[in-house]
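Encoded as structure tokens, the structure appears first; notes follow it.
In our numbering, the protein residues as written are 6 to 123.
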């Protein structure tokens, strides 16, 4: 796994911390280990779909969730499919500003997980 550090990126750390601080964001990230639609995420963690869409938008903007593509829903509509972009995040508050360490998900891990799921 690759590890990236966002030292000195105050805007990035603020966006990440803000997104993580919102209710349901952590649950969405945990549930999005495999690609899922907003509807599936909403059902999995039992939250209103409108709330789920708002949290998804915040998580995507913070770089914690990504849209992996589109698939047909059971109703025949095209829906976006989301997956988290990291497996771990660590926040260090010992400096003047929070420092984030992130363990990003690799494409190889995503492909392997997808094959095991099928």
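Here a beta-carbon is modelled for each residue, glycine too, at the ideal position from N, C-alpha and C.
Need the endpoints of the beta strand (DSSP E) that residue i sits in, please.
i, result
"residue 94", "91-97"
"residue 70", "70-77"
"residue 109", "104-109"
Can you find the residues in the same chain that come closer than 7 angstroms, C-beta to C-beta, to residue i, ignoring five residues on each side of it along the sequence?
i, result
"residue 77", "83"
Could you tell me the alpha carbon to alpha carbon distance between residue i and residue j, rounded to whole angstroms?
i, j, result
"residue 22", "residue 34", "14 angstroms"
"residue 38", "residue 86", "12 angstroms"
"residue 103", "residue 28", "20 angstroms"
"residue 95", "residue 56", "26 angstroms"
"residue 66", "residue 26", "14 angstroms"
"residue 58", "residue 79", "19 angstroms"
"residue 24", "residue 92", "16 angstroms"
"residue 47", "residue 100", "37 angstroms"
"residue 97", "residue 68", "19 angstroms"
Kindly indicate the opening and closing residues of the alpha helix (DSSP H) around residue i.
i, result
"residue 64", "54-66"
"residue 34", "30-36"
"residue 48", "43-50"
Excluding the five sequence neighbours on either side, which residues of its own chain have a C-beta within less than 8 angstroms of the C-beta of residue i, listed in chain order?
i, result
"residue 70", "33, 34, 37, 61, 64, 87, 88, 89, 90"
"residue 49", "36, 41"
"residue 72", "65, 85, 86, 87"
Please confirm whether residue i and residue j have their CB atoms less than 8 angstroms apart.
i, j, result
"residue 105", "residue 30", "no"
Quick test of your reading: residue i and residue j, contact by CB under 8 angstroms. State the CB separation rounded to the nearest angstrom.
i, j, result
"residue 54", "residue 44", "7 angstroms"
Kindly indicate if chain D contains any beta-carbon less than 8 angstroms away from that of residue i.
i, result
"residue 89", "As a matter of chain content, chain D is missing from the structure shown, which is built from one protein chain."
Would the C-beta of residue i count as close to the ligand ZN, meaning under 7 angstroms from any of its heavy atoms?
i, result
"residue 74", "For the structure depicted, the ligand ZN is absent and the ligand set is empty, with no information on it obtainable."
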